[in-house]
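This report refers to the structure that appears directly beneath it.
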Amino acid sequence: MRAQEVQAEKARGDQVRGRPATVNRGTTADRILALQSEAGNAAVTQAVQRALDSTSGTEDVSAAHTAGTGGVSAGHASGGHAIQRAVWTFNGSTRTQHVMGQNSGVWFDENGQSRTTAELQIDSTSLQHGDKYDDVTRQLHSSGAVAVSKRGTIPDHKYPQRETRTRKAVVEAQQKMATALALLNAAGGAPGGALLQALRSAFPLFQTATPQQIGELLPRISEVLRRVQAGLNSQGAQIALVGEASILDPSARSANASGAAGWVDSSTKDVAARLRPGYMKSEELPSMDSGRTGPINLREEGEVAWYVIHEATHRFAGTLDYQYSSYDHELAEDAAQAGLATVLDPATAAAQDAAMLGRRAVRDPSTYTGQNETQRPKRQENWYAMGRRALMNADSYAHFVMTATGSPIPRS
Ligand SMILES: [Zn+2]
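Dropping the structure here:
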């Protein structure tokens, strides 16, 4: 039975792991600026500056930031409000339908200040509770285009929470993908600092590449993220929340049995490709296709930004599961190692540390086993042996977006 479950998981599921909890890290602008100061990447500041220049005119982000004004600066919008670098969150219960079909309603920032949809000049007919609007980039991060439905039975008292949590995860995924894309664009083909660390962690082939070699492959990573962003923003995007599965739904039954976090049904092209023996063993740069069709299916464990990104790359960019990340394992190992270092003699601690980091070194891509491994040590070894396959690996994109936007990066 266990073997069957593992097969089911390989076939269509994504193994559940603990994922970085959503940490409230302040406004997107503050995050970008924090990343910028860590990364020492003046281009990020310039990008934010350009965005501001094109909208509100007179703000000086870097000056406000270095002056330690805590993210508040003194410019004035045309409406006369003092500009704060705020992220506004839509409260769906305040919605009233506008005569023109546009949504009215109230948005709140982290300090409890409020603005109406009209005051923020947000033009959308499909706002959802929990949508976010970023003052600096003027980007709306919305789950409004995503139709959320049930697959199987979910009790009425549980369904609204699951939909709310899922929509929140979609908005967080959108917000983080937008930040990651801005950082990639600002890197100008030669990433450095924290962005480079996130890239090397998520796409291990970059460990031994120069920033210029990495730069040549960045357009591809940006393209996958743009497709996912556009897909989640387009009408027709669907997420099905998986409940107790009917006997007529074998996909959902096997996902429930294996504990998968989510899945997207394979396209006929995927199925055909899988008939070719060793197709995942190829080291050719995988082609990008238009993705799969149908809904992104999420079990409760999958209702977080990491899995929304992971599944959305299957759905909208045709990624595969070459290998799941060992992210959680490595973070736990880092914490344990830091604890041990205080009690072990220095020589032993240093030897253990070297062994741990040695397991995280990039490996020869010809040693990749040809399938997503579920058990260590193969699972971890395979991650580092993906080579260029990582550029079409679903979990690499989730790993990259989360770590590029502030989730901790395992040591390397
Ligand atoms: Zn997957």
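According to full-length UniProt numbering, the residues represented by the sequence shown are 1 to 412, in order.
Backbone N, C-alpha and C fix where the C-beta goes; we use that ideal spot for every residue, glycine too.
Using a threshold of 8 angstroms, state whether the C-beta atoms of residue 145 and residue 126 are closer than that. Yes, the pair counts as a contact, with Cβ atoms nearer than the cut-off.
Can you tell me whether residue 176 is buried or exposed? The criterion is at least 16 other CB atoms within 10 Å of its CB, across all chains shown. Residue burial is scored here from C-beta neighbours: residue 176 has at least 16 other C-beta atoms within 10 angstroms and is therefore classed as buried.
Spell out the partners DSSP gives residue 107 in its beta bridges. Beta-bridge annotation (DSSP): residue 107 is paired with 90, 115.
The alpha helix (DSSP H) that contains residue 162, what's its start and end? From DSSP, the alpha helix (DSSP H) with residue 162 extends over 159-186.
In terms of alpha-carbon separation, which member of 172, 345, 170, 281 lies closest to residue 373? Here the closest residue by C-alpha is 281.
Determine, using beta carbons only, whether residue 132 and residue 87 come nearer to each other than 8 angstroms. Residue 132 places its beta carbon less than 8 angstroms from that of residue 87.
Backbone secondary structure at residue 324 - three-state DSSP: Here residue 324 sits in coil by DSSP.
Smallest Cα separation from residue 329: which of 383, 156, 316, 388? Out of 383, 156, 316, 388, the CA that lies nearest to the CA of residue 329 is found in 383.
Would you report the Cα separation of residue 246 and residue 254, rounded to the nearest angstrom? Answer to the nearest angstrom: the Cα atoms are 11 angstroms apart.
Three-state secondary structure assigned by DSSP to residue 412: Looking at residue 412 - three-state DSSP - the assignment turns out to be coil, as it is neither helix nor strand.
How many angstroms separate the CA atom of residue 349 from the CA atom of residue 381? Approximately 23 angstroms, taken between the alpha carbons.
Which of the three DSSP states is assigned to residue 149 in this structure? Correct three-state label for residue 149: strand.
Considering only DSSP beta bridges, list what residue 239 is partnered with. Answer is 148, 296.
Per DSSP, what kind of secondary structure is residue 345 in: helix, strand or coil? Note: residue 345 maps to coil in three-state DSSP.
Considering Cα atoms alone, identify which of 298, 130, 264, 96 is closest to residue 313. It is 264 whose Cα lies nearest to the Cα of residue 313.
Using three-state DSSP, classify residue 50 as helix, strand or coil. Low local confidence applies: a pLDDT of 41 at residue 50 is under 50, so the model's placement there is unreliable, and no value is given.
Let's test the definition: count the other Cβ atoms within 10 Å of the Cβ of residue 208 and tell me whether it reaches 16, buried, or not, exposed. Flag for residue 208 reads exposed.
Taking 8 angstroms as the threshold (C-beta atoms), are residue 130 and residue 167 in contact? For the 8 angstroms CB-CB criterion, residue 167 and residue 130 form a contact.
Report all residues from its chain with a CB closer than 8 angstroms to the CB of residue 347; omit the five preceding and five following residues, and keep chain order. There are no such residues.
Quick one: using the 10 Å Cβ neighbour count with 16 as the cut-off for buried, is residue 317 buried or exposed? It is buried - the Cβ of residue 317 has at least 16 other Cβ atoms within 10 Å.
Three-state secondary structure assigned by DSSP to residue 262: Under the three-state reduction of DSSP, residue 262 is assigned to strand.
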